[in-house]
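Worksheet: the structure to be examined is printed underneath.
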Amino acid sequence: MTDLATYNFAYLDEQTKRMIRRAILKAIAIPGYQVPFASREMPMPYGWGTGGVQVTASIIGPEDVLKVIDQGADDTTNAVSIRAFFQKVANVAVTTHTKDATIIQTRHRIPEQKLAEGQVLVYQVPIPEPLRFLEPRETETRKMHALEEYGLMHVKLYEDIAHNGRISKTYAYPVKVAGRYVMDPSPTPKFDNPKMHMSEALQLFGAGREKRIYAVPPYTEVVSLDFEDYPFEIQKFEQPCALCGAQGVYLDEVVLDDKGGRMFVCSDTDHCEDRREHGHAGEMLAQNKEAAE
Amino acid sequence: MSNPDNQELQAATDTPLLKVSGVSKFYGSRIGCKDVSFELWPGEVLAIVGESGSGKTTLLNCLSTRLMPTTGSVEYRMRDGNFRDLYHMSEAERRFLMRTDWGFVHQNPADGLRMTVSAGANVGERLMAVGDRHYGNIRATANDWLTRVEIGTDRIDDQPRAFSGGMRQRLQIARNLVTSPRLVFMDEPTGGLDVSVQARLLDLVRGLVNDLGLSAIVVTHDLAVARLLSHRMMVMKDGHVIEHGLTDRVLDDPREPYTQLLVSSILQV
Chain A
-7 MTDLATYNFA YLDEQTKRMI RRAILKAIAI PGYQVPFASR EMPMPYGWGT
43 GGVQVTASII GPEDVLKVID QGADDTTNAV SIRAFFQKVA NVAVTTHTKD
93 ATIIQTRHRI PEQKLAEGQV LVYQVPIPEP LRFLEPRETE TRKMHALEEY
143 GLMHVKLYED IAHNGRISKT YAYPVKVAGR YVMDPSPTPK FDNPKMHMSE
193 ALQLFGAGRE KRIYAVPPYT EVVSLDFEDY PFEIQKFEQP CALCGAQGVY
243 LDEVVLDDKG GRMFVCSDTD HCEDRREHGH AGEMLAQNKE AAE
Chain B
24 MSNPDNQELQ AATDTPLLKV SGVSKFYGSR IGCKDVSFEL WPGEVLAIVG
74 ESGSGKTTLL NCLSTRLMPT TGSVEYRMRD GNFRDLYHMS EAERRFLMRT
124 DWGFVHQNPA DGLRMTVSAG ANVGERLMAV GDRHYGNIRA TANDWLTRVE
174 IGTDRIDDQP RAFSGGMRQR LQIARNLVTS PRLVFMDEPT GGLDVSVQAR
224 LLDLVRGLVN DLGLSAIVVT HDLAVARLLS HRMMVMKDGH VIEHGLTDRV
274 LDDPREPYTQ LLVSSILQV
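This is the structure we're talking about:
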């Protein structure tokens, strides 16, 4: 890649990276606290992961191996483009295998495979403020964070139970980090919330449009908010993955035809492929094989 | 009020709840309120009356720390019996006090309520803010309070937007009293309500104040409200307190010419 010289390594200039790294260090020092940073224009529109890309660009080195997922999949537009972007501007190795990656940039999922020490999970965050839709004034929400006034968060959960008989929030489910800050875990399904608790990997959150970075350091307590008589629960799926037969994983619904046909498959494509390679087969896959024979 | 703390209660009623000395607020060179001093005792309701622009609300806002006065001090007796100067407390302490030991009833219920969450959540918010995490208990308490302020329990999941003015005001009162505060500030609690609704609300507030042994500071321009609710009253004019005394004495035997004018201008039907 001779034309790499026209870019600085990993696209951002060194001063910008330095600024973002300082924000990241501060975020790690105060788990769950939203650190403002001078978000830059990136060669992609807001809402496509400009925050995550800036965080990744600031921490990536030539030795790193990058994996990018979008809703758990390695092969969707957003994931493919961001992966190609870093291949081009940082010339780093990329992978789709969770266990081989040192940096995983994600939109809306945490990989099914347990992350290990030394790995970094970078989230693309659209709205970092968990109190946003309850209290629109940013001055007020900052004060509420500072004074640890989080009663309002439970008002939201109360409303859910009052109207639906259960806490109906299924994604961006608020968590309390290290017993102090209430944090929005970006729109990951609440299925993934328990994976954040005491995670061995470092978790960084970048919100480009909102200009905020926050973090959960490894081995940090992350507790999902709930009521004593309505405890936090994750989604349960009635059937296993149609392709790999996995149970206890997050599934996507895929509509197959206009006659009500549908299948449920792993949202984490890497996990699904890996299982199939190791001989696991779900209902659909078994049927296809029979048909082929 | 039967058991153990009788002695403590006795001691508690011997000392004032709120000591106000020399509170003044200037807006530039204009006077908001000037050199106001008084003491408020436990279980006592004080009315502040006067015409529009006389500084009633400025004074109320100063007392409730929603506004910083230019000079003066307000001391409040905390639950541990010690007096604390409100303006020297940290913001965190002040906000905690405001949502536990105090209540503030706004003239316009929309200012004091969350209009987009249900009545139950409005009442429960303070409980959740002080750490109650049991949905069943919160809901039971909310139900209980809605009954006490005469709102049907079938309305618990409705938003205050669907409530009438009088219901909203009663809901606001319930929301403030749920943490059993010791001091409630009310800014024209019956303003904007029609007379029959006013009468019911006043009846309700009077009952609650008696039952709970609340202290209250009520700002009103309506002398009838002051007569019905308060034990003592202060008459304000141009930012100054011009007359101060027992409500019946002030209303039946006003001494200052301005108070005489006020009393004589009550409409007789």
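Here the protein sequences come in this chain order: A and B. Number 125 in the working numbering belongs to position 133 of the first sequence; there are no gaps in the numbering. In short: position in the second sequence from 1, add 23, done, that's the working numbering. Positions of the beta carbon are idealized from the N, C-alpha and C atoms, including for glycine.
query = At a CB-CB cut-off below 8 Å, which residues of chain C make contact with alanine 154 (chain A)?
reply = The structure shown contains no chain C; the protein chains it does contain are A and B.
message = Given this structure, state the Cα-to-Cα distance separating alanine 2 (chain A) from glycine 53 (chain A), to the nearest angstrom.
response = Their backbone Cα atoms lie some 8 Å apart in a straight line.
ask   = Is the CB-CB distance between leucine 109 (chain B) and arginine 118 (chain B) below 8 Å?
value = Contact: no.
key: Straight-line gap, histidine 267 (chain B) to arginine 255 (chain B) (C-alpha atoms, nearest Å)   = The alpha-carbon separation between histidine 267 (chain B) and arginine 255 (chain B) amounts to approximately 8 Å.
ask   = If you draw a straight line from the C-alpha of isoleucine 16 (chain A) to the C-alpha of glutamine 79 (chain A), how long is it?
value = The alpha-carbon atoms of isoleucine 16 (chain A) and glutamine 79 (chain A) are separated by roughly 23 Å.
request  = Identify the continuous alpha helix (DSSP H) that holds arginine 100 (chain B) and give its terminal residues.
outcome  = Segment 94 to 100 is the beta strand (DSSP E) holding arginine 100 (chain B); no alpha helix (DSSP H) there.
key: Contacts around serine 160 (chain A), its chain only, beta-carbon distance under 6 Å, and the 5 residues preceding and following it disregarded   = The answer, listed in chain order, is Asp152.
request  = Please state if the CB of alanine 152 (chain B) and the CB of leucine 169 (chain B) are separated by a distance shorter than 8 Å.
outcome  = The answer is no: Cβ separation not under 8 Å.
ask   = Going by the beta-carbon positions, is the gap between valine 43 (chain B) and leucine 86 (chain B) smaller than 8 Å?
value = In contact: valine 43 (chain B) and leucine 86 (chain B) (Cβ atoms closer than 8 Å).
request  = Can you have a look at lysine 148 (chain A) and say buried or exposed, based on whether 16 or more other CB atoms are within 10 angstroms of its CB?
outcome  = Under this definition lysine 148 (chain A) is a buried residue.
query = I think valine 264 (chain B) touches valine 72 (chain B), with their Cβ atoms under 8 Å apart; what is that distance to the nearest whole Å?
reply = In fact, because the Cβ distance is near 11 Å, the residues do not count as touching under 8 Å.
request  = Since I believe serine 216 (chain A) is in contact with lysine 182 (chain A) (beta carbons under 8 Å), could you give me their beta-carbon distance rounded to a whole number of angstroms?
outcome  = Contact flag correct, Cβ pair sits at about 7 Å.
message = I want to verify the contact list: residues of chain B whose CB lies under 8 Å from the CB of valine 147 (chain A), in sequence order.
response = For valine 147 (chain A), the neighbours in chain B by C-beta distance under 8 Å run, in chain order, Arg137, Val140, Ala144, Gly147, Glu148, Met151.
message = Using the Cβ count rule (16 or more neighbours within 10 Å means buried), how would you classify glutamine 283 (chain B)?
response = Taking a 10 Å sphere around the C-beta of glutamine 283 (chain B), we find fewer than 16 other C-beta atoms and assign the residue as exposed.
message = At the level of alpha carbons, what is the spacing between lysine 203 (chain A) and alanine 30 (chain A)?
response = Taking the straight line joining both Cα atoms gives about 6 Å.
query = Taking 7 Å as the cut-off, is the CB of leucine 113 (chain A) close to at least one heavy atom of the ligand HEM?
reply = Among the components modelled here there is no ligand, and therefore nothing to report on the ligand HEM.
message = Assuming threonine 133 (chain A) and glutamate 140 (chain A) are in contact, meaning their beta carbons sit under 8 Å apart, how far apart are those beta carbons, in whole angstroms?
response = Their Cβ separation, rounded to whole angstroms, is 12 Å, which puts threonine 133 (chain A) and glutamate 140 (chain A) out of contact at 8 Å.
ask   = What are the residues that DSSP puts in a beta bridge with histidine 189 (chain A)?
value = BP columns for histidine 189 (chain A) are empty, so no partner.
query = Using a C-beta to C-beta distance shorter than 7 Å, which residues of chain A count as neighbours of alanine 158 (chain B)?
reply = Residue identity differs from the one stated: residue 158 (chain B) is tyrosine in this sequence, not alanine. Within chain A, Tyr150, Ile153, Phe219, Asp221, Tyr222 have C-beta atoms less than 7 Å from the C-beta of tyrosine 158 (chain B), given in sequence order.
ask   = With 16 as the cutoff for other CB atoms within 10 Å, does alanine 133 (chain B) come out buried or exposed?
value = Around the beta carbon of alanine 133 (chain B), a 10 Å sphere encloses fewer than 16 other beta carbons of the protein chains shown; the residue is thus reported as exposed.
ask   = Who are the neighbours of alanine 222 (chain B) on chain A, taking C-beta pairs under 7 Å?
value = Think of a sphere of 7 Å around the beta carbon of alanine 222 (chain B): no beta carbon from chain A falls inside it, the nearest being about 32 Å out.
query = Grouping DSSP H, G and I as helix and E and B as strand, with all else coil, what is tryptophan 125 (chain B)?
reply = Note: tryptophan 125 (chain B) maps to strand in three-state DSSP.
Where glycine 157 (chain A) meets chain B, residues with beta-carbon distance less than 7 Å = Chain B residues near glycine 157 (chain A): none, gap ~11 Å exceeds 7 Å.
task = Could you tell me which chain A residues have their CB closer than 8 Å to the CB of asparagine 118 (chain B), listed as they occur along the chain?
result = What sits at residue 118 (chain B) in the sequence shown is arginine, not asparagine. Taking the beta carbon of arginine 118 (chain B) as reference, the chain A residues within 8 Å of it are Leu139, Glu141, listed in sequence order.
ask   = If you measure from the beta carbon of glutamate 173 (chain B) to each beta carbon in chain A, is any gap under 8 Å?
value = The Cβ of glutamate 173 (chain B) sits no closer than 8 Å to any Cβ of chain A.
query = Which residues in the same chain as lysine 57 (chain B) place their Cβ atom closer than 6 Å to its Cβ, once the five residues preceding and following it in sequence are excluded?
reply = Excluding positions up to five away in sequence, the list reads Ser47, Gly262, His263.
Neighbourhood of threonine 88 (chain A) by C-beta, 7 Å cutoff - its chain only, sequence neighbours within 5 removed = Here the set comprises Lys59, Asp66, Asp262.
query = For tyrosine 206 (chain A), which option in A:Tyr222, A:Ala273, A:His189, A:Gly43 has the closest C-alpha, if you only look at C-alpha atoms?
reply = Put simply, of A:Tyr222, A:Ala273, A:His189, A:Gly43 the residue whose alpha carbon is nearest the alpha carbon of tyrosine 206 (chain A) is A:Gly43.
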